[in-house]
Every structure is written in C-alpha cells, then in structure tokens.
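Numbering (the UniProt record's numbering), first residue to last: 1 to 328.
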C-alpha cells in the first residue's frame, strides 16, 4: 500500500494537484480496478511461463526420437496458454469497463474469430513442420541402432543401398576378400505414411483457408450492415391527394370525364374533319384563321392560334368555290 500511495502522490504532483487532497470514491474505484487488472495480467503471465517451463522440462526428460509425444504436449500447452491469456484479457477488459456484454467472453466484436483464425494458422505450421520432419529419410546417429554384417562378398556389398552404409572394411577369409559392413537403421517412413502426410497437410490448409475467408467475410458483412444502419435511405416523395390539382391527370389520348378539349386539341380535330379550303358543307372557309374559338377545359377564354399562310392549292380551291361559272 505504501508504494501505491507514493505513486498516487507522484501523479498528483505531476498533474499540479494538491498532495494533501484525497480522491473521491469514483477515482478510488477506478484506481482499484486498474490495479486489479494489472494483478490479473501479471498472474496470468506467471502461470503461462510456468506451464511453458514445465512443458520444456518434460520434453527434455522424454526421448527425442518420439516427436509424436512432443507434438501432443506442444498442442496441449498452446491450448492452455491460449485459454489463460484470453481469460486474463477478459478480466482486464472487465476491470477497465471496456467489455462488451453482447459478444462472447465480453471481448470486442471479432476477437474470438481472430483468435481462432490465428490458432488454426499456428496449428497448420506446426503440423506441416512435424509431418515434413517425420516423413523425410534421416539416418539415426544412435550407435544402438546400428547393424553390423560380416563376411559380405563384393557382389553382396553392391546390393546394399549406399545411403544405409555407415562404414565398411575388407579382409581376407580363406583366400577370398570379404567385407565387414556397419549399416544405419532402416528408414521408418513408407509410401503410405507419405501419402497420409500429404492428405493431412492439404486438409489442414483447406480448413485454415475456409476459416480465414469466413473471418474476413463476416467482417465485411458487419461493416456493410453498420454503414447501412448509419446511413438510412432518404425520404420518399409523398403522393398528391385525390382532390389536389394534377392528381387526376390522364396520360391517355382522350380527355377525362368528357371534358372539353383545349385549343390545340380543337384545332387538330377541326383540321382532321374539314380539310383546308372547305367548310362543313363544302363551302370555303372564312379568311380569318387567327383565333380558334374552342374554349378551354376550365371555361377560360379562347386560346390564340398562330395564323397559317394558305398554299397555292388552297388559294386555287377558294377561287373556284367563289366563281363556279368561271371554273366551268
């Protein structure tokens, strides 16, 4: 407690606070949580180091020619250390009030997926190195595994694989040169074990790739969903009421409800029924063509129409209609 009090006094002096002032309950609680988090971290580190040291001592006591037992112990130690570290991290985040109650173990979003992905990557590398070391043909250097064959002839010596011969010496026996050969232990790996190692490496690599793809893909989906929640769609344009102007606009070519046609529509219909130069009874049209006499839909005044110059055919037709005797 004396060291902690001295540390608080030094911090207050550095921040310009009064050394005699006592912190409030909230400050004391926060300071206690911080020290608890540091204590949990230190204890977890010590336990992890102790577990690793015990594993190393156990591996030294075991026979070095048994890599399967060593690999099993390494996997168990890795799992224990991972659980301890994650547990300590959870306690630290809880003490610092940085935990997330909606996620697994109170860790930030995506932490568990990241830990699993890293663990699988580590598993892939460890298993790949183990299988590579176990399947290669390596001569044993233990003298207890050596084999000695005496009295081989030259023909028999030629049939022995050269990589298995450690040393050879010749001597005479009954007037014939024979050879004493010392051989290494035969390799333990077979074609079946090599094929099995290849399949295991391929399977673990596929698993690592799938987990990594799921991790990054889920992060992408989560980010897109968060962006969609933070940026909703803009407001939609409300529709006009039924009685408002323009609400009952008709897009077809016929007027709605038998309404009177407008000026342009009246002119077009009149032109279609009575060709230029003829009236309803075959008489000539009046010369004044400047205004269309059709009222608008709302009872407004007539809409002025731009006068159109008569063509030569129309003028000849008007002349014949005015003087029928001369045309005969």
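Glycine residues also receive a C-beta, built at the ideal position from the N, C-alpha and C atoms.
Strictly by DSSP, which residues pair up with residue i?
i           : result
residue 149 : 181
residue 102 : Per DSSP, none; premise fails for residue 102.
residue 165 : 183
residue 176 : 173
Out of curiosity, what's the CA-to-CA distance linking residue i and residue j?
i           : j           : result
residue 177 : residue 151 : 9 Å
residue 212 : residue 117 : 6 Å
residue 125 : residue 157 : 42 Å
residue 210 : residue 103 : 22 Å
residue 208 : residue 76  : 19 Å
residue 94  : residue 225 : 27 Å
residue 186 : residue 161 : 10 Å
residue 217 : residue 129 : 29 Å
residue 53  : residue 47  : 10 Å
residue 201 : residue 120 : 12 Å
residue 229 : residue 110 : 19 Å
residue 105 : residue 192 : 43 Å
residue 71  : residue 90  : 29 Å
residue 169 : residue 199 : 43 Å
residue 159 : residue 133 : 28 Å
residue 220 : residue 203 : 26 Å
Roughly how far, in whole angstroms, is the beta-carbon of residue i from the beta-carbon of residue j, given that I think they are within contact range, below 8 Å?
i           : j           : result
residue 146 : residue 183 : 7 Å
residue 88  : residue 41  : 6 Å
residue 127 : residue 84  : That belief does not hold up - the Cβ atoms of residue 127 and residue 84 are roughly 23 Å apart, past 8 Å.
residue 56  : residue 80  : That belief does not hold up - the Cβ atoms of residue 56 and residue 80 are roughly 14 Å apart, past 8 Å.
Leaving aside the five residues before and after residue i along the sequence, list all residues of the same chain whose C-beta is less than 8 Å from its C-beta, in chain order.
i           : result
residue 115 : 82 and 86
residue 122 : 78
residue 167 : 181 and 182
residue 194 : 135
residue 154 : 177 and 179
residue 61  : none
residue 49  : none
residue 316 : none
If you drop the 5 nearest sequence neighbours on each side, which residues of the same chain put their C-beta closer than 6 Å to that of residue i?
i           : result
residue 148 : 182
residue 276 : Because the pLDDT of residue 276 is 48, which lies under 50, any placement of that residue in the model is unreliable, and the question is left without a value.
residue 113 : 215
residue 197 : 131 and 135
residue 164 : 183 and 184
residue 227 : none
For the alpha helix (DSSP H) that contains residue i, what are its first and last residues?
i           : result
residue 121 : 111-135
residue 155 : 154-158
Here's a check: name, in chain order, each residue in its chain whose Cβ is nearer than 7 Å to the Cβ of residue i, leaving out the five neighbours to either side.
i           : result
residue 173 : 151
residue 329 : Missing from the structure shown is residue 329; the chain here goes from 1 to 328 and no further.
residue 108 : 100
residue 205 : 124
Measuring only from the beta carbon, is residue i closer than 8 Å to any heavy atom that is part of the ligand SAH?
i           : result
residue 177 : Absence of the ligand SAH from the depicted structure is noted, as is the absence of any ligand whatsoever, leaving it without description.
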